[in-house]
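What follows is one structure encoded as structure tokens, with my remarks underneath.
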Amino acid sequence: MDNPLEHPSSGYKKIFESCEELAEPIPAHVSGKIPAWLTGSLLRMGPGLFEIGDEPLYHLFDGQALLHKFDLKDGHVTYHRRFIRTDAYVRAMTEKRVVITEFGTAAYPDPCKKHFSRFFTYFQGIEVTDNCLVNIYPIGEDFYACTETNYITKVDPETLETIKKVDLCNYLSVNGVTAHPHIEPDGTVYNIGNCFGKNMSLAYNIVKIPHHKEDKSDPIEKSKVLVQFPSSERLKPSYVHSFGMTENHFVFVENPVKINLLKFLTSWSIRGTSYMDCFESNERMGTWFHLATKNPGEYINHKFRTSAFNVFHHINCFEDQGFIVVDLCTWKGYDFVYNYLYLANVRQNWEELKKASMRAPQPEVRRYVLPLDIHRVRDISVISVS
Ligand SMILES: [Fe+2]
1 MDNPLEHPSS GYKKIFESCE ELAEPIPAHV SGKIPAWLTG SLLRMGPGLF
51 EIGDEPLYHL FDGQALLHKF DLKDGHVTYH RRFIRTDAYV RAMTEKRVVI
101 TEFGTAAYPD PCKKHFSRFF TYFQGIEVTD NCLVNIYPIG EDFYACTETN
151 YITKVDPETL ETIKKVDLCN YLSVNGVTAH PHIEPDGTVY NIGNCFGKNM
201 SLAYNIVKIP HHKEDKSDPI EKSKVLVQFP SSERLKPSYV HSFGMTENHF
251 VFVENPVKIN LLKFLTSWSI RGTSYMDCFE SNERMGTWFH LATKNPGEYI
301 NHKFRTSAFN VFHHINCFED QGFIVVDLCT WKGYDFVYNY LYLANVRQNW
351 EELKKASMRA PQPEVRRYVL PLDIHRVRDI SVISVS
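Once you know that position 112 of the sequence shown is 112 in our numbering, the rest is easy, because the numbers rise by one and skip nothing.
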């Protein structure tokens, strides 16, 4: 199938450029043959609007959330897309400026407001973005678009209309969860998120959202924290993008990309600060692997250390003869790879960028094999155990 985003009537010009939503589905151009038996819908999220009025958005993860839908039936494919009516989007459209700070783009106060009202704006607390451009997944019988904050947005998978915004902090002790949950065949959802607790105690919480029940109750209302991984550093939790899950265990890779929490909590009143400004690297910690059991959820109180790398996505994770095999997509070193994902970089030709030695590290697929019985550790290539 050709890329339907390039359909002449779709209005989509080029990747990483803004496009308009569609009033109704359009036929996709199909090359080859789609089997007649292949029926269903594919929902995908992505960034679709890269400037608000005259203000540009700067990072790949700042574009406003656009929901895409591909419908397959009888060998034909149709394509539809709509922007999600998040608060970030609706307020930006209303005020024609960036109103809520995005990952790599800071929102500035309304220049029309007087100093007095600005003062109160600053002290109303951190206004966290709900721009759910990263992923979409089912919870019970519903579908939620998400980013990595505490907000997820329920959408109608048929019409692509926005239904409601949900604040996970109302149900769970987390400050946000990743956009990459694991979903069991019965619909149970597991995810992981940072938890900045009382007295600045830090942890990473695995949360469990139960599967749909006969009584039609909302599974989110029955969600809970299942198990907690401790943070290796006080005041500076690691950035977490995904985690591993096997039949009986969770795997959490604590990497050296850190959130400077003090900076995060104080810098929001400083003009021009975005999330990206709050990251830093720990050059000495290397990378830690933590394990926990799933049922019951219990932390396994030893961890494994190896050299520093960035990790965003787990490829696979499984148990084999007393070991846990963890396949990861990694970038060697502690420098934050997201620094290379500013739109100014990604809009250029990647091959040209590589030739120009932008020093962007290349990804490596790595396999780590962790013993469930640490007395077998001599059999494998783990550097140290504590
Ligand atoms: Fe991701």
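Glycine included, C-beta positions come from ideal geometry on N, C-alpha and C.
Minimum C-alpha distance to residue i - residue among the options
i	options	result
H302	V251, D142, D335	V251
S201	L235, L160, Y171, V174	L235
V155	W288, H211, R44	R44
I183	F50, E214, Y137, S173	Y137
K73	K216, A292, L42	L42
F196	T105, V174, V90, P181	V174
I374	D186, L291, D335, P181	L291
E283	G46, F336, L328, P56	F336
E20	D327, H80, L38	H80
V227	E221, E298, E233, V166	E298
Y340	C329, D320, Q362, Q321	Q362
P56	K164, Q348, A344	A344
Limits of the unbroken beta strand (DSSP E) element including residue i
i	result
V326	323-332
N170	Taken as a continuous stretch (DSSP letters only), N170 belongs to no beta strand (DSSP E), as it is neither H nor E.
M45	40-47
T293	287-294
L72	65-73
A106	Unbroken run through A106: none, as it is neither H nor E.
Own chain residues within Cβ distance below 7 Å of residue i, not counting five before or after
i	result
V240	T178, I192, N194, Y204
V346	F16, L60
N260	K236, C278, E280
K294	N248, H249, F250
G176	E148, T149, N150, G193, N194
R85	T162
S384	In this prediction, S384 has a pLDDT of 43, which is less than 50 and means its spatial position is unreliable; what the coordinates show is noted afterwards. Only R305 meet the Cβ criterion.
P230	A203
Cβ-Cβ separation, residue j to residue i (assumed contact under 8 Å), whole Å
i	j	result
T129	E102	6 Å
K332	F309	5 Å
V325	V369	5 Å
G48	G63	6 Å
A145	I152	7 Å
L160	L67	5 Å
A36	G75	5 Å
E141	H212	6 Å
L133	A65	4 Å
Beta bridge counterpart(s) of residue i as assigned by DSSP
i	result
D320	F323
R85	Looking at the DSSP assignment, R85 forms no beta bridge with any residue, so it has no partner.
Q228	N205
6 Å Cβ shell around residue i - same chain, five flanking residues per side excluded
i	result
I100	A88, A107, E127, T129
S18	L49, F50
Same chain, Cβ closer than 8 Å to residue i, neighbours up to 5 away in sequence not counted
i	result
T287	V253, E254, N255, P256, R305, T306, S307, A308, F309, V311
First and last residue of the uninterrupted alpha helix (DSSP H) at residue i
i	result
K263	261-266
V337	Segment: none, V337 is in no alpha helix (DSSP H) and carries neither H nor E.
L343	343-346
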